[in-house]
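Position in the sequence shown (first residue = 1) + 199 = our numbering.
Glycine included, each C-beta is placed from N, C-alpha and C at the ideal position.
Okay, structure first, notes after.
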Amino acid sequence: MTPDPQVCRLLFVHRDPALATRMRGMLGPLRDPRYKVAHFTHLSDALTYLAVSDVDVVLVGPDPADGDLRDAVRRLSAEHPEVPAMALAVSPDRDAQEELRRAGARECLPVDEFSPEIWSRTFEYCRREAAISRELASVTARLDWLVHMDSLTGLLNRKGMERALLDELERCRAADRDLLILLVDLDDFSKVNATLGHGVGDLVLTGAARRIRESVRDDDKVGRCGTDRFMVILPGTDEATGEVVAEKIRLAISRDEITAGEHRLQTTASIGLTAINANSASFDEVLATADFVLQRSKIQGKNRVARAASVAEVEMIRPVLAGPEMVAALLRGNVLEVRHQPIVNMADGRIVSREMLTRGPDGPLRRPDNLFRFCQENNILPAVDLRCLKLCAAAARAMGPGTGYHVNIMPTTLLQTSEAELLRVLLGGDDGSDGHCCLELSEQQLLGDPAVLVPRVRVLQEAGIKVAIDDVGFGNSCLEGLIMLHPQVMKVDKRLVRGLAGDPEMRRALERLLRVADVLGAEVVAEGIETTDDYEILLGMGVKYGQGYLFGRPQPCPAPRAATAAAGAVGNDAGLTA
Numbered sequence: 200m201t202p203d204p205q206v207c208r209l210l211f212v213h214r215d216p217a218l219a220t221r222m223r224g225m226l227g228p229l230r231d232p233r234y235k236v237a238h239f240t241h242l243s244d245a246l247t248y249l250a251v252s253d254v255d256v257v258l259v260g261p262d263p264a265d266g267d268l269r270d271a272v273r274r275l276s277a278e279h280p281e282v283p284a285m286a287l288a289v290s291p292d293r294d295a296q297e298e299l300r301r302a303g304a305r306e307c308l309p310v311d312e313f314s315p316e317i318w319s320r321t322f323e324y325c326r327r328e329a330a331i332s333r334e335l336a337s338v339t340a341r342l343d344w345l346v347h348m349d350s351l352t353g354l355l356n357r358k359g360m361e362r363a364l365l366d367e368l369e370r371c372r373a374a375d376r377d378l379l380i381l382l383v384d385l386d387d388f389s390k391v392n393a394t395l396g397h398g399v400g401d402l403v404l405t406g407a408a409r410r411i412r413e414s415v416r417d418d419d420k421v422g423r424c425g426t427d428r429f430m431v432i433l434p435g436t437d438e439a440t441g442e443v444v445a446e447k448i449r450l451a452i453s454r455d456e457i458t459a460g461e462h463r464l465q466t467t468a469s470i471g472l473t474a475i476n477a478n479s480a481s482f483d484e485v486l487a488t489a490d491f492v493l494q495r496s497k498i499q500g501k502n503r504v505a506r507a508a509s510v511a512e513v514e515m516i517r518p519v520l521a522g523p524e525m526v527a528a529l530l531r532g533n534v535l536e537v538r539h540q541p542i543v544n545m546a547d548g549r550i551v552s553r554e555m556l557t558r559g560p561d562g563p564l565r566r567p568d569n570l571f572r573f574c575q576e577n578n579i580l581p582a583v584d585l586r587c588l589k590l591c592a593a594a595a596r597a598m599g600p601g602t603g604y605h606v607n608i609m610p611t612t613l614l615q616t617s618e619a620e621l622l623r624v625l626l627g628g629d630d631g632s633d634g635h636c637c638l639e640l641s642e643q644q645l646l647g648d649p650a651v652l653v654p655r656v657r658v659l660q661e662a663g664i665k666v667a668i669d670d671v672g673f674g675n676s677c678l679e680g681l682i683m684l685h686p687q688v689m690k691v692d693k694r695l696v697r698g699l700a701g702d703p704e705m706r707r708a709l710e711r712l713l714r715v716a717d718v719l720g721a722e723v724v725a726e727g728i729e730t731t732d733d734y735e736i737l738l739g740m741g742v743k744y745g746q747g748y749l750f751g752r753p754q755p756c757p758a759p760r761a762a763t764a765a766a767g768a769v770g771n772d773a774g775l776t777a
């Protein structure tokens with residue numbers, strides 16, 4: 200039953216019933232709001248009443264029958280923080296009032312100076328403050344869900360799994376034990392999307408998520424950490440039991456059959472089981488290790504469970520990858536491949552620019568997150584980032600004159616590279632870029648004070664190079680950072696795009712970002728567009744540019760001789776690239 204907002208429900212805890220009767224009598228004439236007073240002489244009885252009744256304000260008298268005032272306030276605040284507790288004391292001085300507030304009292308009132316009008320206003324203030332706090336807690340919980348949960352499957356997303364994993368690793372370090380991880384990869388999932396559409400693909404993903412969740416314990420953590428990948432954290436589980444769980448998941452997924460029109464689809468999964476050392480430094484390190492085991496398994500065949508023989512074998516992965524030959528090859532750039540993905544005008548599908556992307560060598564370093572971690576651990580990240588920038592800029596220019604292109608750079612690389620070198624790389628010796636080059640800075644990497652980047656950003660912008668802030672919406676920066684950098688382009692993070700059509704909260708968040716972009720005068724590019732439903736919503740919201748699998752996957756750059764012909768398909772758009 201919804202509580203009556205015109206009734207203020209007071210709970211009075213004091214050994215003297217006469218004081219409660221006096222309070223009822225004096226509050227009685229105040230009819231707006233009406234007061235309903237419950238009285239208990241013992242704190243223990245009041246706590247029992249709180250557990251089963253709605254209360255707006257608790258008044259703790261100067262002398263509860265089973266304890267002193269300060270301890271009573273402290274216990275009430277600890278066990279029922281959602282209900283404001285007010286302390287009633289006899290002529291309290293300032294020090295006594297501060298001590299009671301530190302114990303958890305919202306207000307401290309002198310019981311010997313009872314004023315119905317003042318007390319009534321204080322009750323109402325505390326009640327409204329508590330209501331606002333509850334509403335704020337509800338909104339915060341909803342935002343936390345949006346940030347850490349996958350909207351399609353209802354499982355934890357990558358960020359949520361990262362938090363769960365780091366918490367579990369901390370417990371494992373305290374207990375001096377390893378942690379068992381399962382990485383579940385749906386076999387040939389990309390073919391499902393390509394042949395039957397993303398709607399069927401979503402059914403496959405939600406079905407697999409349900410089967411995985413049903414196959415594990417309530418305390419096990421399950422999350423989606425990629426398009427078709429799931430991770431399972433199995434705390435307190437030995438490897439033999441882990442293999443049984445992995446096989447249970449594999450069989451459950453393989454029994455899930457989906458009918459789409461005339462097609463009957465049976466999904467299979469490859470699963471890698473890995474015992475992780477509790478001293479693993481990061482989520483990316485754990486994911487890369489599990490991925491290594493999974494990929495090695497897939498070489499031998501799909502629809503199977505594979506595991507590393509031991510933790511020692513897992514620890515051998517990094518030294519194998521970290522040989523000096525690989526470090527040198529990355530610094531030279533001869534094992535890096537440049538790909539390009541179109542950015543289109545949403546209204547007519549015309550390609551207005553291309554994002555140039557770098558991929559590592561075949562093997563575990565093929566995945567961007569693995570490559571990033573490897574370079575970071577070998578202290579070559581800025582150098583390799585600059586090499587990638589040079590390769591991408593050169594590949595874009597090789598596609599023909601007038602080709603608009605986006606290239607990525609890390610903030611540390613931007614600061615550590617001289618202005619002359621940056622201009623030489625991005626302009627290719629020209630006097631100006633004619634707006635064809637757009638340099639992307641990821642919002643997720645804008646740590647610390649973004650003001651340090653402003654001078655370098657201004658030099659690039661004055662030279663005709665546009666600046667974009669990438670991954671907007673889920674990063675570490677703030678509105679102040681966007682205002683200071685004043686980018687010409689804002690790229691909306693794919694996590695704020697995928698599933699947009701079915702999520703009103705996500706649409707409202709995007710609307711706020713679009714208003715920010717409008718104030719800054721920045722063009723908006725929506726990333727990660729995979730479905731026509733999301734595309735139509737974005738178009739209706741006024742988003743002008745888009746990027747994602749719906750328009751094209753990253754493709755290898757054409758050979759130099761074919762580049763000129765390919766460039767003929769690229770149009771210029773006055774807002775984004777011209």
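With a cut-off of 8 Å on Cβ pairs, the stretch 342-356 is in contact with the stretch 416-431, counting three or more such pairs. In this structure, residue 427 sits near residue 389, with a CB-CB distance shorter than 9 Å. Approximately 5 Å separates the beta-carbon atoms of residue 736 and residue 699; this is inside 8 Å, confirming the contact. Residue pairing from DSSP places residue 458 in a beta bridge opposite 463. Residue 542 sits away from residue 524, with the two beta carbons spaced by 9 Å or more. Counting the other CB atoms within 10 Å of its CB gives residue 314 a total below 16, which places it among the exposed residues. Look at residue 568 here: in three-state DSSP terms it is helix. Secondary structure note for residue 319: its alpha helix (DSSP H) is the uninterrupted segment 315-347.
Here residue 277 is exposed, its C-beta having fewer than 16 other C-beta atoms within 10 Å. Ranked by Cα distance from residue 738, the first of 218, 293, 721, 706 is 706.
One alpha carbon belongs to residue 577, the other to residue 529, and they sit about 11 Å apart.
Residue range 665-671 is occupied by the beta strand (DSSP E) that includes residue 670.
For residue 539, the pairing in a beta bridge is given by DSSP as 555, 754.
Within the stretch 222-279, complete beta strand (DSSP E) segments of at least 3 residues are found at 233-239, 256-259, given in chain order. Residue 488 is positioned such that its CB atom lies closer than 9 Å to that of residue 475. Within the same chain, 208, 210, 282 come within 6 Å of residue 254 by CB-CB distance, once the 5 residues on both sides are set aside. When the beta-carbon positions are compared, residue 688 and residue 662 stay at least 9 Å from each other.
In this structure, the beta-carbon distance from residue 503 to residue 473 does not fall below 9 Å. For residue 268, the closest alpha carbon among the candidates 296, 249, 493, 486 is that of 296. Contact between residue 386 and residue 468 holds, since their C-beta atoms are separated by about 6 Å, short of 8 Å.
In the structure shown, residue 285 falls within a strand segment according to DSSP collapsed to helix, strand and coil. For residue 291, the number of other beta carbons within 10 angstroms of its own is at least 16, and it is reported as buried. In the structure shown, residue 422 adopts extended strand secondary structure according to DSSP, grouped into three states. Secondary structure at residue 502: coil, using DSSP grouped into helix, strand and coil.
Going by DSSP, residue 682 is part of the alpha helix (DSSP H) stretching over 678-684.
Shown here for residue 322: same chain residues with a beta carbon closer than 6 Å to its own, the five before and five after excluded, namely 207, 256 in chain order.
Ranked by Cα distance from residue 310, the options 225, 252, 342, 233 are led by 225. Its chain contains 397, 697, 747, 748, 749 as the residues whose beta carbon lies nearer than 7 Å to that of residue 729, once the 5 sequence neighbours on both sides are disregarded; these appear in chain order. In terms of Cα proximity to residue 405, the closest of 664, 429, 471, 382 is 429. The three-state reading of DSSP puts residue 641 in strand, counting E and B together. When DSSP states are grouped into helix, strand and coil, residue 469 belongs to the strand group. According to the DSSP secondary-structure assignment, residue 736 is paired through a beta bridge with no residue. A distance below 7 Å between beta-carbons, with the five flanking residues on each side excluded, links residue 526 to the following residues of its chain, in chain order: 577, 579.
Check the Cα spacing between residue 690 and each of 722, 710, 345, 701: the tightest is with 722. For residue 219, the CB contacts under 8 Å within the same chain, skipping 5 residues up- and downstream, are 211, 213, 236, 238 in chain order. Note that the C-beta distance between residue 702 and residue 607 is not below 9 Å.
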